[in-house]
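Numbering (mature numbering (1 follows the signal peptide of the UniProt record, and there is no 0)) for the sequence shown: -21 to -1, 1 to 178.
Just so you know, even glycine gets a beta-carbon here, dropped at the ideal spot from N, CA and C.
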Amino acid sequence: MKKYYLLFTMLILSVLQSASAKGNFEKGKDYQVTGPNVNSEPMVEEFFNYACSACYSIEGFMTEIKSDYPNLKVKPVPIELRPSWKIYVKAYFLGEKLGVLDQSHSQIFHRIHVEKKPFRGEKDMKEFFIALGVSEKKYDEVNNSFWLKNKVKQSKLYAQHHRVGVSPTLLVNQRYKLNNQNLGSYQRIKEAIKEFSGS
């Protein structure tokens, strides 16, 4: 009788463990569930800001992820964790709307973390985009648009919805928020992205 009781107990513990873990990753420790279980394309979103040195450091890793998992959509999501970061949230969306994101994204990171030249204000940012070949008229049109104001607002609300308080934070399939610090290495993060995205 004791033997069957022991087996039953072990079975229950196994079920409970599987309910709080996914693969080799522990819920609440390695990741958190922040969204509903919906069918979506494999995707990892990176909550970042150009002013964040850790975000700059992880850029090479994110490029590696794109290369290793070509079917995985990798989407940057700019966030404002402090007031001085708002200008860089705008800079990301400006680059996107003005069609120069391929240039502006890497150059803004380089400007801040290598050249040590953060944007001193709106005038500085405008000069940066004009130097990329954007017309002053087009820049002013987008910079003063409702579209840009709405994108900045929605980005902030989206980060709040998923309880993002540090950067960079990786969110897989709009559901699994990874704990980079606890995962401890790029290899473990990569394994988690593969596990949770189904890539």
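- Within the stretch 18 to 59, the complete alpha helix (DSSP H) runs of at least 4 residues fall at 32 to 36 and 38 to 47.
- Here Glu94 carries a coil assignment [DSSP, helix/strand/coil].
- In this structure, Leu162 keeps its C-beta atom at 9 Å or more from the C-beta atom of Phe175.
- Ser146 sits away from Leu80, with the two beta carbons spaced by 9 Å or more.
- By the CB criterion at 9 Å, Val23 and Lys52 fall inside the cutoff.
- Under DSSP, the beta-bridge partners assigned to Gln11 are Lys156.
- Residue pairing by DSSP places Val151 opposite Val23 and Tyr155 in a beta bridge.
- For the pair of segments examined, the stretch 119 to 139 was found not to touch the stretch 4 to 16: the number of CB pairs separated by less than 8 Å stays below three.
- Between Phe4 and Pro62, the alpha-carbon positions lie close to 34 Å from each other.
- Minimum Cα-Cα distance from Lys135 among the listed residues Ile87, Phe98, Ser36 and Lys65 corresponds to Lys65.
- Close CB contacts of Cys34 within its chain, under the 7 Å cut and outside five residues either way in sequence, are with Phe27, Asn28, Ser146 and Pro147 (chain order).
- His89 carries a helical assignment under DSSP once its states are collapsed to helix, strand and coil.
- Under the 10 Å beta carbon count, Glu115 is surrounded by fewer than 16 other beta carbons and is classified as exposed.
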